[in-house]
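First up is the structure itself, then whatever we jot down about it.
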Amino acid sequence: MSDSASDGKIPEQGTELLKLQDVELAYRRGPVVLRLQTESIRAGEVLALVGPNGGGKTTLLRCAAGLLKPQTGTVRLHGRPLYGKAAMARDERARHLAVVLTDPVAPAYLKVREVVELGRISRPSGRKTRENAVEQALELSGAVAIADRQLGSLSDGERQRVMLARALAQEPRLLVLDEPAAHLDPPHQTSLFLLLRSLIRDGVIEAAAVATHHLHLALHFSDRLMLVNGKTQSATPAAFMQSGELGIAFAEHQNLRLDPEKGWFVPVDQGSNPAGDFDTRR
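The sequence shown maps to residues 109 to 390 in my numbering.
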């Protein structure tokens, strides 16, 4: 289990771990791409960030991870600011929050085990030995079999598992992931979301926030959805399906509708047939 709060208590389910308030986000001096009033990541939940391309999911995730300063507003992790003069120090932040991005974060010549060991930099005197923490992270992420291979020799999906192991080796309380299922085959995509739920259930982490295009996985395995499309809206998966807001967010695809049972888009005139107008005969 990850280290608990400074007072030694484990937050109750639903407690705000990270809070964003009155935030506007933009890259450099470009236009504002996302505005939000109040959003949070809560203890005990898998939060899925969903929305169309260009809606701001990755931008918001980077801001929440302490990697992109907002133009306005505040971002607080356990009540402490991530930006500004009083911002939480980087090493301390790394002990509370770990991030898995799509960008390469280690040289290709490093072995997998060495990459995962980098996650221990912020915890030189953690409660576990480095070796035990690394081994547990490799096991949890399914990367034990590739531990002695070089990063550059791996497939995209294997590298994704290594980056997850590196993040878990930090022993964070909050795990933030950008498109973690992008390079995984369907069984491993499902296994990833099940893993996040089990990590929370077993007390390894307290919460996870995942930006994903895999809407069917988000609907089936997350506790809450955050719809990101220039602004934000949060609710349970069931509430979103009842409201129809997800379909509206992807309204540019006028010939498609969201199948509420399957969680993917199907042609309007083809019922629930995902093949639509494509002739699959040879």
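Just so it is clear, CB atoms sit at the ideal spot from N, CA and C, and this is done for glycine as well.
In chain order, what residues of the same chain have a beta carbon less than 6 angstroms from the beta carbon of residue i, not counting five sequence neighbours either side?
{"i": "residue 179", "result": "132, 134"}
{"i": "residue 394", "result": "Since the first residue of the chain shown is 109 and the last is 390, residue 394 is not available in this structure."}
{"i": "residue 149", "result": "125, 126, 155, 315, 317"}
{"i": "residue 307", "result": "313"}
{"i": "residue 176", "result": "170"}
{"i": "residue 348", "result": "333, 354"}
{"i": "residue 327", "result": "345, 371"}
{"i": "residue 157", "result": "165, 319, 334, 336"}
By the 10 Å Cβ neighbour count, where 16 or more other Cβ atoms means buried, how is residue i classified, buried or exposed?
{"i": "residue 345", "result": "buried"}
{"i": "residue 174", "result": "buried"}
{"i": "residue 297", "result": "buried"}
{"i": "residue 302", "result": "exposed"}
{"i": "residue 147", "result": "buried"}
{"i": "residue 163", "result": "buried"}
{"i": "residue 275", "result": "buried"}
{"i": "residue 116", "result": "Caution is warranted here: a pLDDT of 42 is assigned to residue 116, below 50, making its placement in the model unreliable, and the coordinate value is therefore given only provisionally. Burial call: exposed."}
How about residue i and residue j: do their beta carbons lie closer than 8 angstroms?
{"i": "residue 282", "j": "residue 128", "result": "no"}
{"i": "residue 304", "j": "residue 316", "result": "yes"}
{"i": "residue 251", "j": "residue 269", "result": "yes"}
{"i": "residue 343", "j": "residue 160", "result": "no"}
{"i": "residue 355", "j": "residue 323", "result": "no"}
{"i": "residue 289", "j": "residue 325", "result": "yes"}
{"i": "residue 249", "j": "residue 273", "result": "yes"}
{"i": "residue 284", "j": "residue 172", "result": "yes"}
Taking 8 angstroms as the limit between beta carbons, can you name the residues of its chain near residue i, skipping five residues before and five after?
{"i": "residue 280", "result": "110, 202, 203, 204, 205, 206, 313"}
{"i": "residue 218", "result": "258, 259"}
{"i": "residue 225", "result": "238, 242, 277"}
{"i": "residue 228", "result": "234, 238, 241, 242, 277, 278"}
{"i": "residue 380", "result": "Because the pLDDT at residue 380 is just 46, under 50, the model does not fix this residue reliably, and the point stays unresolved."}
{"i": "residue 337", "result": "159, 160, 163, 164, 357"}
{"i": "residue 140", "result": "132, 133, 134, 179"}
{"i": "residue 185", "result": "125, 126, 174, 196, 201, 204, 205, 282"}
So residue i and residue j are supposed to be a Cβ contact under 8 angstroms. How far apart are they, rounded?
{"i": "residue 155", "j": "residue 330", "result": "6 angstroms"}
{"i": "residue 366", "j": "residue 375", "result": "Incorrect: roughly 12 angstroms between the Cβ atoms, too far for contact."}
{"i": "residue 221", "j": "residue 255", "result": "5 angstroms"}
{"i": "residue 153", "j": "residue 332", "result": "6 angstroms"}
What I want to know is whether the C-beta of residue i ends up closer than 7 angstroms to one or more non-hydrogen atoms of the ligand GTP.
{"i": "residue 184", "result": "The ligand GTP is not part of this structure, which contains no ligands at all."}
Got a sec? Which residues, its chain only, sit under 7 angstroms from residue i by beta carbon, not counting five neighbours each side?
{"i": "residue 292", "result": "265, 268, 300"}
{"i": "residue 84", "result": "Residue 84 is absent from the structure shown; the chain starts at 109 and stops at 390."}
{"i": "residue 199", "result": "230"}
{"i": "residue 271", "result": "208, 213"}
{"i": "residue 377", "result": "none"}
{"i": "residue 188", "result": "196"}
{"i": "residue 223", "result": "214, 259, 270, 274"}
Report the residue ranges of all alpha helix (DSSP H) runs contained in full by the stretch 287-350; include only those spanning at least 4 residues, in chain order. Look at the stretch 287-350 and you find these whole runs of alpha helix (DSSP H), each 4 residues long or longer: 294-309, 323-329.
Where in the stretch 133-210 do unbroken runs of the alpha helix (DSSP H), each at least 4 residues long, occur, reported from the N-terminal end onward? The stretch 133-210 contains these whole alpha helix (DSSP H) runs: 165-172, 198-204.
Can you give, in chain order, each stretch of the alpha helix (DSSP H) that sits fully within the stretch 253-287 and has at least 4 residues? Taking 4 residues as the shortest admissible run, the stretch 253-287 contains the following complete alpha helix (DSSP H) segments, listed from N- to C-terminal end: 264-277.
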